[in-house]
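> Residue numbers (numbering that gives the first Met the number 0): 0 to 323. Every residue, glycine too, gets a C-beta built ideally from N, C-alpha and C. In this text the structure is predicted, and so the values were computed from the model without any measurement.
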Amino acid sequence: MMSLTVMLFVLMMVGMVLPLTVAAGPSGKLIVFHAGSLTVPFDAIEKKFEAKYPDVDVLREAGGSTKMARLISEVGKPADIMASADYKVIDNNLIPEFADWNVRFATNQLVLCYTDQSRYADQITADNWYEILQKEGVVWGHSDPNLDPCGYRSLMVLQLAEKFYGIQGLYDKILANRPQKNVRPKSVELVNLLKTGNMDYAWEYISVARQHELKYIVLDDHINLSNYKYDAFYKQAQVEVTGKKPGTWITKSGQSCTYGITMIKNAPNPEAAVAFLQFLLSEDLGLKTLEQMGQPPMVPPIVPDAAMAQKMPAEIAGLVEVKD
């Protein structure tokens, strides 16, 4: 028969072990698909998250947001989390079949990037950039509008410039000096072309320009898609992109740059996914890191209605605001 002393010792040991078991954090591989423009901040967030949760191995795959969403919805690639440079990519490609909710967590704006090597680098300004892009010999480009939100947003900027400056035919004139070979699958590919001198100018998000220490031209808020107050003006820009099914098309209308993130319904590692999203959407953790990396965060992050908020894990729902 067990003595009282031994019994107390056993109970004490059980009491010490149980809290450790309950407090055990997430583990395993966490698959995160995200927009190419989030590469730098998500790299920093990954390191901080893995330091907090050393048993989790974050596996990130970056690319054009539309392409990444379609890898989930059409190709069937497994993923835990999807972060898009345009929150509507998640709405259009993943909800409701592959995801239930969509948190808007960051913003951005389009800028025209260049380097000291770029032709007319010593002459270009916010007042003459559209003239420089039309000059013979100037090499400029943007990402593929069918694969990357930065691509169709770049075209929207050019359309809005025509309307803002009141120059008839400006959009077509600028595009006439951009061969198809200068359209790349994702915007971050253009950074290397700029830095190696193989391209003079490229449209990027201001966050990417800052992260890669590029020179850039900031445009008027009527043009750069940064300010939600001008959404009515932005809507005048429209770009057709390929739809979900081959041979179909979707018309994208201009709107301020807003990033979205969701957890995939059949996430292989939902526990780690919730922990990552909780980390990312916390003001003093992930959102602070976004700010430090030049990516303007939305504080607090938002969802459009209470019905969507109710579908979210409680750990995340408590970090967002319901606001359309």
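#1: Less than 8 Å between the CB atoms is what I'm expecting for K172 and Q133, so what's the real figure, rounded?
#2: What does DSSP give as the partner residue(s) for G27 in the beta ladder?
#3: For the alpha helix (DSSP H) that K287 lies in, which residues bound it at each end?
#4: I need the DSSP call for Y119, collapsed to helix, strand or coil.
#5: Using only the alpha-carbon positions, how far apart do P312 and V273 sit?
#6: Is the separation between the beta-carbon of I80 and that of L276 shorter than 8 Å?
#7: Return the CA-CA distance between S83 and S36, expressed in angstroms with no decimal places.
#8: Would P300 be called buried (16 or more neighbouring beta carbons within 10 Å of its own) or exposed?
#9: Return the chain-ordered list of same chain residues with a C-beta closer than 6 Å to the C-beta of D56, the five sequence neighbours on each side being excluded.
#10: Residues in its own chain within less than 8 Å of G381 by CB, not counting five upstream and five downstream?
#11: So, with DSSP's three-state summary, where would you put I173?
#12: Would you call G63 buried or exposed, if buried means 16 or more other Cβ atoms sit within 10 Å of its Cβ?
#13: Under 7 Å Cβ to Cβ from K322, same chain only, skipping five residues before and after it: list those, please.
#14: One question on the structure: do S225 and Q122 come within less than 8 Å of each other, judged by their Cβ atoms?
#15: Within its chain, find whatever has a CB closer than 6 Å to the CB of P296; leave out the 5 residues flanking it on each side and keep chain order.
#16: To test your reading of the DSSP string, which unbroken beta strand (DSSP E) runs of 3 or more residues are found completely within the stretch 221-257?
#17: Figure out for me which residue from K228, T261, T247 and Y215 has the closest Cα to the Cα of Q254.
#18: How many Å lie between V39 and K47 at the Cα?
#19: Please report how far the alpha carbon of L284 lies from the alpha carbon of I44, in whole angstroms.
#20: According to the Cβ coordinates, are A98 and I263 closer than 8 Å?
Inspection of the coordinates gives the following:
#1: Residue mapping note: residue 172 aligns to position 173 of the sequence shown, counting from 1. Residue mapping note: residue 133 aligns to position 134 of the sequence shown, counting from 1. Rounded, the Cβ-Cβ distance is 6 Å, consistent with contact.
#2: To locate residue 27, count along the sequence shown from 1; it is residue 28. DSSP, once it has assigned bridges, lists V55 as partnering G27.
#3: Sequence index remark: in the sequence shown, residue 287 carries index 288 (1-based). Taken as a continuous stretch (DSSP letters only), the alpha helix (DSSP H) holding K287 covers G285 to Q291.
#4: The residue you call residue 119 lines up with position 120 of the sequence shown. Y119 falls in the coil class under three-state DSSP.
#5: Locating residue 312 in the sequence shown gives position 313, counting from the first residue. Locating residue 273 in the sequence shown gives position 274, counting from the first residue. Between P312 and V273, the C-alpha separation is close to 7 Å.
#6: Locating residue 80 in the sequence shown gives position 81, where the first residue counts as 1. Locating residue 276 in the sequence shown gives position 277, where the first residue counts as 1. Yes, the pair counts as a contact, with Cβ atoms nearer than the cut-off.
#7: Residue 83 sits at position 84 when you count from the first residue of the sequence shown. Residue 36 sits at position 37 when you count from the first residue of the sequence shown. Approximately 9 Å, taken between the alpha carbons.
#8: Walking along the sequence shown from the start, residue 300 turns up at place 301. Counting Cβ neighbours within 10 Å, P300 comes out buried, since at least 16 surround it.
#9: Translated into the one-based positions of the sequence shown, residue 56 becomes position 57. Hits under 6 Å: K28.
#10: Beyond the ends of the chain as shown, which are 0 and 323, falls residue 381; an answer cannot be given.
#11: Translated into the one-based positions of the sequence shown, residue 173 becomes position 174. Helix, per DSSP.
#12: Mapped onto the sequence shown, residue 63 falls at position 64. Classification for G63: buried.
#13: Here the question's residue 322 lines up with position 323 in the sequence shown. Counting only Cβ-Cβ distances below 7 Å, and skipping sequence neighbours, we find I301.
#14: If you number the sequence shown from 1, residue 225 lands on position 226. If you number the sequence shown from 1, residue 122 lands on position 123. Contact flag unset, no.
#15: Counting from 1 along the sequence shown, the entry for residue 296 is found at position 297. If we look at P296 and ignore the five residues flanking it on each side, its Cβ neighbours are A105, L286, L289 and E290.
#16: 237-241 and 248-252
#17: Start at 1 with the first residue of the sequence shown, and residue 254 comes out as number 255. Cα-wise, what sits closest to Q254 is K228.
#18: Residue 39 sits at position 40 when you count from the first residue of the sequence shown. Residue 47 sits at position 48 when you count from the first residue of the sequence shown. Taking the straight line joining both Cα atoms gives about 13 Å.
#19: Within the sequence shown, the letter at position 285 stands for residue 284. Within the sequence shown, the letter at position 45 stands for residue 44. So the alpha carbons of these two residues sit roughly 8 Å apart.
#20: Along the sequence shown, one-based indexing puts residue 98 at 99. Along the sequence shown, one-based indexing puts residue 263 at 264. Their beta carbons are under 8 Å apart, which means A98 touches I263 by this criterion.
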